[in-house]
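Here this note's numbering runs 436 ahead of the position in the sequence shown, where the first position is 1. All C-beta atoms in this analysis are idealised placements derived from N, C-alpha and C, irrespective of residue type, glycine included. In this text the structure is predicted, and so the values were computed from the model without any measurement.
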Amino acid sequence: MLNGSGKFIVRSAWEILRITEVKKEIFDNIWVKGVPFKVSFFLWRVLKKRLPIGEELIKMRVVDNVRCCCCNEGAHETFQHLFLTCPATMRVWETFIAATGNQIHFLQLVVTIKKWWKVDSPAKLISLYKSIPAFILWHVWRRRNATRHGESMNFSNLIFEINRSLYNLARTRYPWLKYLPKQWPLIVQFLEVYTPLISHKVVAWEKPQRDTFKCSCDGLSKGNPGPSTIGFCIRDWEGNLRYAEARKLTESTSLIAEAGAIKVGMEFCFNNGMTPVVVETNSLIMKKVLDGVSEVPWSISLEIQNIKCLMEKGQISMKHIYREGNQLVDYFTNLVVHFVGTLISNSLQELPGEGKNIILLDKNRTANIRIQKCQNSNYGFQDTTTNIYNNIS
């Protein structure tokens with residue numbers, strides 16, 4: 437049972453052998469990356485009502501009556517009461533929702549959990565908001581067990597434990613944030629105004645050396661896997677178009693499409709005497725695989741063998757290029773996947789207007805700007821809180 441790397445793992449065998457059902461949204465949100473498994477599993481048990489709580493023990497006729505030990509109201513210990521309507525628990529829910537600036541009406545336990553999952557928030561806070569119900573229920577259950585067996589955990593300690601769990605999750609998800617505060621209200625404020633660093637780089641298509649061709653390749657998959665196309669274009673040392681082709685594939689992954697585009701482009705250059713040639717791809721994975729830096733995925737092992745054979749036979753070299761410098765073939769593949777079945781062109785005059793413009797801009801070495809968001813590890817909380825208080829005042 438192979439996975440994407442071509443190695444046997446138990447998980448891939450299990451995924452093939454097990455009988456799957458339609459995923460339910462409520463259970464799909466339980467498992468949050470960074471949350472301890474025991475906490476997520478406990479939330480699953482709460483939603484499935486698989487806990488030795490008073491309500492269930494009475495149904496099983498183990499006991500006749502169980503009262504809540506976390507409050508003085510003498511209410512029956514039910515899922516709804518212990519985890520939501522108990523005064524001590526309700527105070528916990530209100531404490532953590534108040535820090536977010538949102539409002540949730542605590543009517544039913546499952547509804548409350550779902551509302552936490554759907555709270556509108558910045559991207560950095562989504563995982564924390566999804567995990568809050570799990571952490572609250574987990575520590576409320578721990579407090580209930582401690583009280584039931586003669587120990588005690590006051591409200592401050594309960595808030596501290598939940599706060600520490602959320603802080604540890606934030607540190608796990610965003611380890612580069614050196615100045616992340618430890619209190620939940622400050623964590624919310626910090627992540628709401630967090631700003632990543634913006635880096636930019638000038639990228640331009642470069643002409644090959646004299647008497648050398650350049651073959652730009654690109655593979656596209658809408659859905660990964662999904663409808664796919666491959667394309668390549670060949671230009672000479674003056675930047676003039678010699679040949680361009682783009683065609684549809686059956687549904688495949690982006691990696692298979694990238695490998696197919698490189699193989700077809702190399703084969704065309706080799707068979708038509710367009711060598712020496714520099715083959716460009718914007719797939720860094722393919723470049724590393726061909727350089728021997730990364731392992732060969734089993735799904736493209738045959739294509740990689742064919743590509744290496746072509747590189748040994750002819751004067752063919754590989755080069756990685758950013759997508760901003762590979763706009764012509766990117767335009768072809770998107771055009772084919774949306775509108776045209778196959779595109780073949782032997783000259784500039786046969787291309788659509790946008791394709792002609794891209795070639796002319798590339799010949800003139802018109803630069804494109806590559807913009808990326810980077811982790812801002814030096815983002816300081818002191819400056820953040822100062823801005824917040826200034827805005828309030």
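The region 633-644 and the region 748-766 touch, with no fewer than 3 CB-CB distances between them shorter than 8 Å. Here SER730 carries a coil assignment [DSSP, helix/strand/coil]. Following the DSSP letters along the chain, one finds PRO621 inside the alpha helix (DSSP H) bounded by residues 620-628. A contact is defined here as three or more CB-CB pairs under 8 Å, and the region 643-656 meets this definition with respect to the region 708-721.
From the listed residues LEU573, ILE670 and GLY750, the smallest Cα separation to MET526 is found for LEU573. In the three-state reduction of the DSSP assignment, ILE549 falls in the helix class. With a cutoff of 7 Å on beta-carbon distance, TYR603 and LYS614 are scored as not near each other. In chain order, GLU681 place their CB closer than 6 Å to the CB of ILE780, counting only its own chain and leaving out the 5 sequence neighbours on each side.
For GLU687, the enclosing beta strand (DSSP E) begins and ends at 677-688. The region 790-802 makes no contact with the region 685-704; the number of CB pairs closer than 8 Å stays below 3.
In the DSSP assignment, ILE736 falls outside any alpha helix (DSSP H) and carries neither an H nor an E. Burial is judged here by how many other beta carbons sit within 10 angstroms of a residue's own beta carbon; HIS636 has fewer than 16 and is exposed.
Its Cα nearest to that of ALA535, the residue SER557 stands out among SER557, GLY490 and GLN751.
Counting other Cβ atoms within 10 Å of its Cβ, TRP529 reaches 16 or more and is therefore classed as buried. In this structure the region 500-510 lies against the region 577-592, because at least three pairs of beta carbons, one per stretch, are closer than 8 Å. Less than 7 Å divides the Cβ of LYS560 from the Cβ of TYR630. If you look at THR717, you'll find it in the beta strand (DSSP E) that goes 713-717. For SER652, no alpha helix (DSSP H) run applies; the uninterrupted beta strand (DSSP E) run containing it begins and ends at 649-657, by DSSP. The DSSP-derived three-state label of PHE775 is coil. In this structure, VAL773 lies away from LEU594, with their beta-carbon atoms at least 7 Å apart. In the three-state reduction of the DSSP assignment, VAL638 falls in the strand class, which pools E and B.
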